[in-house]
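Structure, as structure tokens:
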Amino acid sequence: GEDVEQSLFLSVREGDSSVINCTYTDSSSTYLYWYKQEPGAGLQLLTYIFSNMDMKQDQRLTVLLNKKDKHLSLRIADTQTGDSAIYFCAESRYSSASKIIFGSGTRLSIRP
Amino acid sequence: NAGVTQTPKFQVLKTGQSMTLQCAQDMNHNSMYWYRQDPGMGLRLIYYSASEGTTDKGEVPNGYNVSRLNKREFSLRLESAAPSQTSVYFCASSASGNTIYFGEGSWLTVV
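In order, the protein sequences belong to chains C and R.
To convert, count from 1 in the first sequence and add 11; that's the working numbering.
To convert, count from 1 in the second sequence and add 1; that's the working numbering.
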């Protein structure tokens, strides 16, 4: 079945770039998402990319998609303490939100 | 702008007790969802309601029931709580597309 995998932890120095990686198994994935979860809160959609795109940039965020390798990454430029959170990769083959498959989340910690 | 509101935020239950998690959204969304989040396992869909009057099972529905009371409200009921249901529960909603808006979560412990 479909699966989404990401590493559990990432630690970066404040001001550096963070790169969070994700792999998925469903080659028919159409929508790929990044969600952010801050402590004690629900998930918040950060950005998404369609499978026919290679890259999407939104201010400090850059999403790269390698469809051949089924690899998705989220780059956060100039990482700040407010970026500390858990980041979830998710994919969906269909437009229905009920079919979204989430990864386990990557906890990003920022060191001074 | 409240978005998705769920109650209670924290609850401790004894094994075998029942309880209902309440959820309401004020965004006029058609679809609503209940997820559970467990360490290292991401979010798993319990039940969802694509529109008022309909409910469907998700990935992990056993031990739960849901009610879509009206367009705004979608409740999740545990009839006989088990320790395996200790988790963080998230309610969410979406419009016709696939962007999901989440509540802040309900921390449930079953002892």
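Glycine residues also receive a C-beta, built at the ideal position from the N, C-alpha and C atoms.
Start and end of the beta strand (DSSP E) containing residue i?
{"i": "TYR90/R", "result": "88 to 95"}
{"i": "LEU83/C", "result": "82 to 87"}
{"i": "GLU60/R", "result": "No beta strand (DSSP E) contains GLU60/R, which DSSP labels as neither H nor E."}
{"i": "LEU72/C", "result": "72 to 77"}
{"i": "ARG24/C", "result": "20 to 24"}
{"i": "ASN32/C", "result": "29 to 35"}
{"i": "THR117/C", "result": "117 to 122"}
{"i": "GLU102/C", "result": "96 to 103"}
{"i": "GLN48/C", "result": "42 to 48"}
Counting only C-beta atoms, is residue i closer than 8 Å to chain C at any point?
{"i": "PHE75/R", "result": "no"}
{"i": "LEU46/R", "result": "yes"}
{"i": "PHE103/R", "result": "yes"}
{"i": "TYR34/R", "result": "yes"}
{"i": "ALA51/R", "result": "yes"}
{"i": "GLY106/R", "result": "yes"}
{"i": "MET28/R", "result": "no"}
{"i": "MET42/R", "result": "yes"}
{"i": "PHE91/R", "result": "yes"}
{"i": "CYS100/R", "result": "The question names Cys, but residue 100/R is Thr in the sequence shown. Closer than 8 Å to some Cβ of chain C, the Cβ of THR100/R qualifies, so yes."}
Just list the residues that DSSP pairs residue i with in beta bridges.
{"i": "ILE111/C", "result": "Answer is none; ILE111/C lacks a bridge partner."}
{"i": "GLN12/R", "result": "LEU109/R"}
{"i": "ALA25/R", "result": "THR6/R and GLU74/R"}
{"i": "ILE47/R", "result": "According to DSSP, which records beta bridges pairwise, ILE47/R is partnered with nothing at all."}
{"i": "GLU53/R", "result": "According to DSSP, which records beta bridges pairwise, GLU53/R is partnered with nothing at all."}
{"i": "ASN31/R", "result": "None, per the DSSP bridge assignment."}
{"i": "MET64/C", "result": "Paired residues: none, contrary to the question."}
{"i": "SER68/R", "result": "SER76/R"}
{"i": "GLN38/R", "result": "LEU44/R and VAL89/R"}
Flag residue i as yes if its beta-carbon sits less than 8 Å from any beta-carbon of chain R, otherwise no.
{"i": "ILE60/C", "result": "no"}
{"i": "PHE99/C", "result": "yes"}
{"i": "GLY116/C", "result": "yes"}
{"i": "LEU54/C", "result": "yes"}
{"i": "LEU72/C", "result": "no"}
{"i": "LEU19/C", "result": "yes"}
With a threshold of 8 Å between beta carbons, is residue i in contact with chain D?
{"i": "ILE111/C", "result": "Absence of chain D from the displayed structure is noted, the protein chains being C and R."}
Residue i and residue j look like a contact to me (Cβ under 8 Å); what is the Cβ gap, rounded to whole Å?
{"i": "ASP89/C", "j": "ARG71/C", "result": "6 Å"}
{"i": "LEU22/R", "j": "TYR90/R", "result": "6 Å"}
{"i": "LEU44/R", "j": "PHE113/C", "result": "4 Å"}
{"i": "SER109/C", "j": "ALA3/R", "result": "That belief does not hold up - the Cβ atoms of SER109/C and ALA3/R are roughly 23 Å apart, past 8 Å."}
{"i": "SER22/C", "j": "ARG86/C", "result": "Not really, about 16 Å apart at Cβ, beyond 8 Å."}
Let me check you understand the geometry: is the CB of residue i closer than 7 Å to at least one non-hydrogen atom of the ligand SAM?
{"i": "VAL23/C", "result": "As presented, the structure is devoid of all ligands, the ligand SAM included, so that no description of it is given."}
Q) Between the stretch 2 to 11 of chain R and the stretch 101 to 109 of chain R, do three or more beta carbon pairs fall short of 8 Å? A) yes
Q. Using 8 Å as the Cβ pair cut-off and three pairs as the minimum, do the stretch 27 to 34 of chain C and the stretch 65 to 85 of chain R touch?
A. Short answer: they don't touch.
Q. Are the stretch 34 to 42 of chain R and the stretch 70 to 86 of chain C touching by the rule of at least three beta carbon pairs closer than 8 Å?
A. no
Q. Taking one C-beta from the stretch 60 to 77 of chain R and one from the stretch 91 to 100 of chain C each time, how about it: are there three or more such pairs within less than 8 Å?
A. no
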